[in-house]
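Chemist: Handing you this structure, nothing more for now.
Residue numbers (the numbering used here): 8 to 142.
This is the structure in structure tokens:
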């Protein structure tokens, strides 16, 4: 039976990936900075391997963020589902989307739009395109 990654490990890994991509750094370059292979970086980013405290400190310095950055929006402890975790944060899909190349590209481009009216029109367009067909 295949073990699924812990939700916290997946979240921390996705935040590593998001920041690495924002900095336009490859997995190979991050691995070199940490003395790891890019395959190990991949495993961290997918949450397959847990990142230890000292390694997380190294990653935070390399990616120029505080260690707490990796836990922002993480699933919280709770008793709602019986296994010690409440449902994943509703903002998890945002983190997942921003961890993709498309999400980062769209976010960067949108942030460069200075005119609030144009930003609103772009948002309206995307919202309209995303609505399910009424057929």
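All C-beta atoms in this analysis are idealised placements derived from N, C-alpha and C, irrespective of residue type, glycine included. Here the structure is a predicted model, which is why all the values come from computation and not from measurement.
Going by DSSP in three states, residue 110 sits in which element: helix, strand or coil?
Modeler: As a working mapping, residue 110 is identified with position 103 in the chain shown. Correct three-state label for residue 110: helix.
Chemist: Is residue 129 helix, strand or coil by DSSP?
Modeler: What you label residue 129 is simply residue 122 of the chain shown in a count that begins at 1. Residue state, collapsed to three classes: helix.
Chemist: With 16 as the cutoff for other CB atoms within 10 Å, does residue 61 come out buried or exposed?
Modeler: Translated into positions along the chain shown, residue 61 becomes position 54. So residue 61 ends up on the exposed side.
Chemist: State the DSSP-derived secondary structure class of residue 72, mapped to helix, strand or coil.
Modeler: Position 65 of the chain shown holds residue 72. Residue state, collapsed to three classes: coil.
Chemist: Rounded to the nearest angstrom, what separates residue 16 and residue 81 at their Cα positions?
Modeler: Translated into the one-based positions of the chain shown, residue 16 becomes position 9. Translated into the one-based positions of the chain shown, residue 81 becomes position 74. Straight-line Cα distance between these residues: approximately 9 Å.
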